[in-house]
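Convert by adding 10 to the 1-based position in the sequence shown; the result is the number in my numbering. Heads up: the structure comes next, in structure tokens.
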Amino acid sequence: MDFLHAIWLGILQGITEFLPISSSAHLILLPVLTGWEDQGVAFDLAVHVGTLLAVVGYFRKEVSTLLYDGLRSIPKGRHVGESKLAWMVVIATIPACIAGYFLIDYVDSALRAVAVIITTTVVFAILLAVADKFCRGQRTLEQIGLKDALVIGLFQAIALIPGTSRSGSTITAGLFLGMTRETASKFSFFMAIPITVAAATLKLLDVVSEDLSIDWTAFAIGTLASFITAITAIHLFLKWLNQVGMWPYVIYRFLLAGYLVWVFYL
């Protein structure tokens with residue numbers, strides 16, 4: 011892989027993974043629009059590792075507390091410290107893991123289409139706009155319960171469809187459930203950790219089982235580029251969250267859909 015391609019793909023993954031604009035759609039579209047060769051499973055693994063390290067690194071204190079309290083609660087048989095939130099993150103991850111196990115081949119073959127991306131981009135732009143305008147409330151992370159985790163988890167499962175956006179769908183669900191922007195966004199970021207571990211593990215198994223050759227230099231470049239841009243994107247997203255809300259991402263999604271219609275259908 012050309013090193014510049016690795017850098018651009020890593021940057022693209024890092025920026026879009028945690029913003030509500032769909033990283034999978036952008037990684038599919040960039041090679042299509044530029045005529046580049048598809049980057050392949052091994053490189054997808056690299057950029058996912060980069061974004062995983064970014065979210066763990068940025069929320070290292072919160073993540074260590076959630077992990078520690080969650081494990082402590084097992085032998086005690088009751089919630090300890092932040093263990094309730096930790097288990098809600100685990101529960102919210104289950105629907106996407108189940109859906110991914112049974113549907114990932116169908117998603118990767120039948121749904122990696124421009125028409126699908128255009129449709130999901132528009133539909134979830136509308137849902138995000140409605141949720142941010144009319145539904146957000148004052149609920150905090152401490153108030154997230156089992157029903158909330160399951161609903162947000164189902165929205166994360168739907169995000170397997172390219173163009174939906176994992177962060178966008180889960181933040182939308184959180185807002186519909188009356189959470190603040192910060193609560194919905196942070197819970198979405200915490201959810202990114204286990205689901206990204208699961209996705210990276212599946213991609214690693216694909217690499218091993220298919221005995222794919224790995225360009226280790228491109229792998230390292232993609233990981234580093236996605237890590238740097240992802241940690242920057244998380245910081246700026248949270249910094250500007252209450253000032254700009256979700257509307258810049260809603261507008262961007264509509265512009266992207268319009269551009270794709272113009273390029274591919276007009």
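We put the CB at the ideal spot given by N, CA and C, even for glycine.
For residue i, three-class secondary structure by DSSP
i, result
"Met11", "coil"
"Met256", "coil"
"Arg122", "coil"
"Arg176", "helix"
"Arg70", "helix"
"Arg149", "strand"
Test item: CB-CB of residue i and residue j under 9 Å
i, j, result
"Ser236", "Val66", "no"
"Leu251", "Ser195", "yes"
"Glu47", "Ala243", "no"
"Ala52", "Ser223", "yes"
"Leu185", "Met98", "no"
"Gly173", "Ser32", "yes"
"Ile162", "Ala96", "no"
"Arg149", "Thr190", "yes"
"His89", "Gln49", "no"
"Phe13", "Thr227", "yes"
"Leu138", "Arg263", "yes"
"Ile231", "Gly45", "no"
"Thr193", "Ile154", "yes"
Option in the options with minimal Cα separation from residue i
i, options, result
"Ser175", "Leu215, Lys213, Glu220 and Ile128", "Ile128"
"Phe229", "Gly163, Ala35, Asp54 and Phe274", "Asp54"
"Thr239", "Leu29, Met11 and Asp12", "Leu29"
"Val73", "Ala56, Thr227, Gly87 and Gly91", "Gly91"
"Ala106", "Thr75, Phe274 and Ala167", "Ala167"
"Tyr116", "Lys143, Ala135, Thr180 and Leu170", "Leu170"
"Val271", "Cys145, Ala125 and Leu137", "Ala125"
"Ala208", "Met189, Val100, Lys249 and Ala183", "Val100"
"Leu248", "Phe69, Ile17, Leu14 and Gly188", "Phe69"
"Ala64", "Leu40, Gly24 and Cys145", "Gly24"
"Phe165", "Ile108, Leu40 and Tyr262", "Ile108"
"Leu39", "Val133, Arg122 and Ile114", "Arg122"
"Leu151", "Ile104, Ile136 and Lys94", "Lys94"
"Phe274", "Leu77, Leu43 and Met201", "Leu43"
"Leu77", "Arg146, Glu192, Ile154 and Phe200", "Phe200"
"Ala35", "Phe134, Ala202 and Ile203", "Phe134"
"Leu265", "Asp79, Ile136, Leu37 and Ala141", "Ile136"
"Pro204", "Ile104, Gly87, Lys86 and Pro41", "Ile104"
"Ile261", "Arg146, Leu276, Ala202 and Asp142", "Asp142"
Whole-angstrom C-beta distance between residue j and residue i, which should lie under 8 Å
i, j, result
"Thr206", "Leu62", "4 Å"
"Thr233", "Val57", "7 Å"
"Thr131", "Ala267", "4 Å"
"Leu187", "Asp158", "5 Å"
"Met11", "Asp225", "5 Å"
Classification of residue i by the beta-carbon crowding that lies within 10 angstroms, buried from 16 upward
i, result
"Ser119", "exposed"
"Leu22", "buried"
"Tyr111", "exposed"
"Val254", "exposed"
"Tyr259", "buried"
"His245", "exposed"
"Lys71", "exposed"
"Ser219", "exposed"
"Lys213", "buried"
"Phe144", "exposed"
"Leu37", "buried"
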